[in-house]
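As you go down the protein sequences, you meet chains A and B in turn. Numbers 64 to 494, taken from my numbering, label the letters of the first sequence in order. Numbers 4 to 100, taken from my numbering, label the letters of the second sequence in order. Glycine included, every Cβ here is placed at the ideal spot set by N, Cα and C. Have a look at the structure below before the remarks.
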Amino acid sequence: MREVSFPMIHCRFRLRSLAAVWCLALAIVVTPLTGQAVPVAITFLDVGQGDAIVIRAPDGRFAMIDAGLGSPLRQLARLGVEELALVVATHAHADHIGGLDDVLTARPVDTYLDNGTPHSTKTYLELMAHLERLDVRYLQAVPRTLLLGDVSLEILPMPPTTVEQNDRSVGVLLRFGDFSALLTGDSERDELDYWLRQNAIEDVTLLKAPHHGAASGFTYGFLEVAQPEVVVISVGNDNPYAHPRPEALAAYTSFADRVYRTDRDGTVTVMGFPDGRFDVVFGEGPFPQDALPGPVSSSPEESLRTSSPDDEAGTRPMGLQGILSITVHPHEGDDRDNLNDEYVVIENRSRTRLGIGLWRLCDLSSRCFRFPPGASIAAGRRAVVYSGYGSTDGVSFFMNNSRSVWNNNGDEATLFDGGGNTIVRYVYEEE
Amino acid sequence: MKKSEPEVWVVDTITDGVAVLVEASDDDEPALIEMASDLLGDLAIEGAVLVVPLGSVGDPLWDQAERDIKAEERLRVEAERMLKALKKRDPGGDVSL
Chain A
64 MREVSFPMIH CRFRLRSLAA VWCLALAIVV TPLTGQAVPV AITFLDVGQG DAIVIRAPDG
124 RFAMIDAGLG SPLRQLARLG VEELALVVAT HAHADHIGGL DDVLTARPVD TYLDNGTPHS
184 TKTYLELMAH LERLDVRYLQ AVPRTLLLGD VSLEILPMPP TTVEQNDRSV GVLLRFGDFS
244 ALLTGDSERD ELDYWLRQNA IEDVTLLKAP HHGAASGFTY GFLEVAQPEV VVISVGNDNP
304 YAHPRPEALA AYTSFADRVY RTDRDGTVTV MGFPDGRFDV VFGEGPFPQD ALPGPVSSSP
364 EESLRTSSPD DEAGTRPMGL QGILSITVHP HEGDDRDNLN DEYVVIENRS RTRLGIGLWR
424 LCDLSSRCFR FPPGASIAAG RRAVVYSGYG STDGVSFFMN NSRSVWNNNG DEATLFDGGG
484 NTIVRYVYEE E
Chain B
4 MKKSEPEVWV VDTITDGVAV LVEASDDDEP ALIEMASDLL GDLAIEGAVL VVPLGSVGDP
64 LWDQAERDIK AEERLRVEAE RMLKALKKRD PGGDVSL
């Protein structure tokens, strides 16, 4: 038995019952989401071969670590980043700082931190000249802690004897309650070993793969201490360096439950909760964690579902019969074509508007779209989720992917509520 | 016929056999190229300033490139001057953003 209290509704139920489904659905529609766990969101922008990371603290403020080779302003706009409390340039290579000049031009920046290691490229020199002209606080990358609300950013020590840019990458250990992330720039073995000797590495939830998955960007000793649960590799498609290297991929896969790559998964957002849990969302869109609901239930016994993958399989829709249904229309042909001919239809067959704000629609490989706060489907109406780019009008939603999501040869579309409970699932196989 | 001026490039990165060079021109958007670092021979050094003559059709003759040590020193001094000035803005210690 689980009791859930809301300001105007009091429900006591076993969540497997249909009555409970109605009660919860109604509650989601009318309940202001207050006092819930709000995560930190770490977004790895798909910037090709390079790094650009945006951190959104639970208080809504932003930090950015590197900015890729070209301008990331379009992506910052999509994410709703209007100003930055902190910008970190991990090191002076163009694929990390090339986009920073545009960022400094277009967004107010309060504080800037870099590795203090000069370079002789025009990219670097113009960036420094720009910083000199701005009224920005400059911080050196010495061991220190920066506080962004409830998120702490610990700056790791740098090897004192090297002048190599990669091995003087600014390392950032992010902590938010029991969730932690290690963000490493292009660190190579010398810096990773130095961190180990300094006891600067700890067991983390998330690791940004050092140096785009280069063979020089990992050691087993480093990974044994870091023990990441999820690894994100920021890497360009068909890059000339052959990153990520197979040996690096094998190492990451052997330690982490999940390994994501921006060349294949596009922009990846890891949302960390203070209890250590994390969630992964794909695509570029507004950060959704304002008023995110905390978990309603994480136990299978309490899951809100009327069918499970084991209950039913095959090609027909499963789920809340009479309330919600999903159908998937996979994309056929070249991914360079318009991806908006691939879409998922979610139909609300009830006589009540159903709130789906912050719910997630995921495929079998956990590529997910999160509905924006306040999203809903009117009684008897449909919502359509397109795979390609676009702006929502409240009925049409866009995953903003550059690649096809739904496999033609079979896949699953699962709709989760804000607490991660399975609401409805659609399974299809190749015809 | 006037011979074209040589181009000036700076080695940005050497990674896994690939060199990335950034042009040191006055253009707002400096050009950037990737090439096999072997083509630069001993000049494949991050931060090296290379003066590269152009061929008859304006193609950079990388095998005839020369390193400009004086230019490197000049740029290093300028970069360190800016860094020194910026460091004066650092309040020190932990920081609440």
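Using a Cβ-Cβ cut-off of 8 Å, state whether S40 of chain B counts as contacting chain A.
-> For the purposes of this step, residue 40 of chain B is taken as the residue at position 37 of the second sequence. No, S40 of chain B does not count as interfacial toward chain A.
Beta carbon proximity, Q203 of chain A to chain B, threshold 8 Å = The residue labelled residue 203 of chain A in the question sits at position 140 within the first sequence. Yes - at least one Cβ of chain B is within 8 Å of the one on Q203 of chain A.
Helix, strand or coil for V14 of chain B per DSSP?
-> Within the second sequence, numbered from 1, the residue matching residue 14 of chain B stands at position 11. In the structure shown, V14 of chain B sits in a strand (DSSP, three-state: E or B).
Same chain only: Cβ atoms within 6 Å of I118 of chain A, ignoring 5 sequence neighbours per side = The residue you call residue 118 of chain A lines up with position 55 of the first sequence. Same-chain partners within the cutoff: I105 and A126.
Can you name, in chain order, every residue of its own chain whose Cβ lies under 7 Å from the Cβ of G346 of chain A, other than the five neighbours on each side?
-> Along the first sequence, read from residue 1 onward, the residue named residue 346 of chain A stands at position 283. Answer for G346 of chain A: G329, T330, F432, M462, N463 and N464, listed in chain order.
Chain B residues whose Cβ lies nearer than 8 Å to that of Y406 of chain A | Counting from 1 along the first sequence, the entry for residue 406 of chain A is found at position 343. Residues of chain B passing the Cβ test: none, with the nearest at roughly 38 Å.
Does K90 of chain B come within less than 8 Å of chain A when only Cβ atoms are used?
-> Position 87 of the second sequence, counted from the first residue, corresponds to residue 90 of chain B. Yes, contact with chain A.
Test: S243 of chain A CB closer than 8 Å to a CB of chain B = For this step, residue 243 of chain A is matched to residue 180 along the first sequence. By this cut-off, S243 of chain A is not an interface position.
Whole angstroms is fine: what's the gap from T97 of chain A's alpha carbon to L24 of chain B's?
-> By 1-based counting over the first sequence, the position of residue 97 of chain A is 34. By 1-based counting over the second sequence, the position of residue 24 of chain B is 21. With a pLDDT of 37 at T97 of chain A, under the threshold of 50, the modelled position of this residue cannot be trusted; read the value that follows with caution. Distance between T97 of chain A and L24 of chain B, taken at the CA atoms: about 52 Å.
By DSSP, does K185 of chain A sit in helix, in strand, or in coil?
-> For the purposes of this step, residue 185 of chain A is taken as the residue at position 122 of the first sequence. The answer is helix: DSSP assigns K185 of chain A an H, G or I state.
Please report the Cβ distance between T16 of chain B and E69 of chain B, rounded to the nearest whole angstrom; I am assuming they are in contact, meaning their Cβ atoms lie under 8 Å.
-> Numbered from its first residue, the second sequence carries residue 16 of chain B at position 13. Numbered from its first residue, the second sequence carries residue 69 of chain B at position 66. Not really, about 20 Å apart at Cβ, beyond 8 Å.
Report all residues from its chain with a CB closer than 6 Å to the CB of T342 of chain A; omit the five preceding and five following residues, and keep chain order.
-> Against the first sequence, residue 342 of chain A aligns to sequence position 279. In the sequence as presented, Thr is not what sits at residue 342 of chain A; that position holds Asp. So the qualifying residues of the chain are M334.
Based on Cα-Cα distance, which residue from A:N411, A:G473 and A:R308 lies nearest to S428 of chain A?
-> Counting from 1 along the first sequence, the entry for residue 428 of chain A is found at position 365. The option with the nearest alpha carbon to S428 of chain A is A:G473.
Contacts around S134 of chain A, its chain only, beta-carbon distance under 6 Å, and the 5 residues preceding and following it disregarded = Here residue 134 of chain A refers to the residue found at position 71 when the first sequence is read from its first residue. Result list for S134 of chain A: G162 and D165, in chain order.
Is it true that the stretch 38-56 of chain B meets the stretch 216-225 of chain A, where meeting means three or more beta-carbon pairs spaced less than 8 Å apart?
-> Output reads no: the stretch 216-225 of chain A does not touch the stretch 38-56 of chain B.
Could you pull the start and end residues of the alpha helix (DSSP H) that F285 of chain A belongs to?
-> Residue numbering aside, residue 285 of chain A sits at position 222 when the first sequence is read from its first letter. Per DSSP, F285 of chain A belongs to the alpha helix (DSSP H) from Y283 to A289.
Tell me which same chain residues have a C-beta within less than 7 Å of the C-beta of P9 of chain B, skipping the five on either side of it?
-> Stepping through the second sequence from its first residue, residue 9 of chain B is reached at position 6. Excluding residues within five positions, the ones whose Cβ falls inside 7 Å are V54, V55, P56 and L57.
Grab me the residues of R79 of chain B's own chain with a C-beta within less than 6 Å of its C-beta, minus the 5 sequence neighbours each way, in chain order.
-> Position 76 of the second sequence, counting from 1, holds the residue named residue 79 of chain B. Excluding sequence neighbours, R79 of chain B sits near nothing in its chain.
Roughly how many angstroms lie between the CA atoms of E292 of chain A and A100 of chain A, to the nearest whole one?
-> Translated into the one-based positions of the first sequence, residue 292 of chain A becomes position 229. Translated into the one-based positions of the first sequence, residue 100 of chain A becomes position 37. Rounded to whole angstroms, E292 of chain A to A100 of chain A spans 21 Å at the Cα level.
Given a cut-off of 8 Å, decide if L132 of chain A and A155 of chain A are closer than it, judged by their beta-carbon atoms.
-> Looking up residue 155 of chain A in the first sequence gives position 92. Looking up residue 132 of chain A in the first sequence gives position 69. No, Cβ-Cβ distance for A155 of chain A and L132 of chain A is not below 8 Å.
Sequence-distant residues of its chain with Cβ nearer than 7 Å to F285 of chain A (five each side left out) = Start at 1 with the first residue of the first sequence, and residue 285 of chain A comes out as number 222. Correct list, in chain order: L255, L259 and I264.
Would you mind working out which of B:V11, B:A22 and B:I72 sits nearest D122 of chain B, comparing C-alpha positions?
-> Nothing can be reported for residue 122 of chain B: it is not among the residues displayed for chain B, which extend from 4 to 100.
Touching by the beta-carbon criterion (3+ pairs, under 8 Å), the stretch 187-202 of chain A and the stretch 61-77 of chain B | Taking 8 Å as the limit for Cβ pairs, the verdict is that the stretch 61-77 of chain B does not touch the stretch 187-202 of chain A.
Of all the CB atoms in chain B, is at least one closer than 8 Å to the CB of A157 of chain A?
-> Against the first sequence, residue 157 of chain A aligns to sequence position 94. Interface residue, yes.
Compile a chain-ordered list of the residues in the stretch 272-292 of chain A whose CB is closer than 7 Å to at least one CB of chain B.
-> So the close ones are A277.
Determine the chain B residues that contact A148 of chain A at a beta-carbon separation under 8 Å, and present them in chain order.
-> The residue given as residue 148 of chain A occupies position 85 in the first sequence. Taking a Cβ-Cβ threshold of 8 Å, the residues of chain B close to A148 of chain A are L100, in chain order.
Determine the burial state of R379 of chain A: buried for a count of at least 16 other Cβ atoms within 10 Å of its Cβ, exposed for fewer.
-> Against the first sequence, residue 379 of chain A aligns to sequence position 316. The predicted position of R379 of chain A is uncertain, since its pLDDT is 31 and thus under 50; a value taken from the coordinates is nonetheless stated next. R379 of chain A is classed as exposed because its beta carbon has fewer than 16 other beta carbons within 10 Å across all chains shown.
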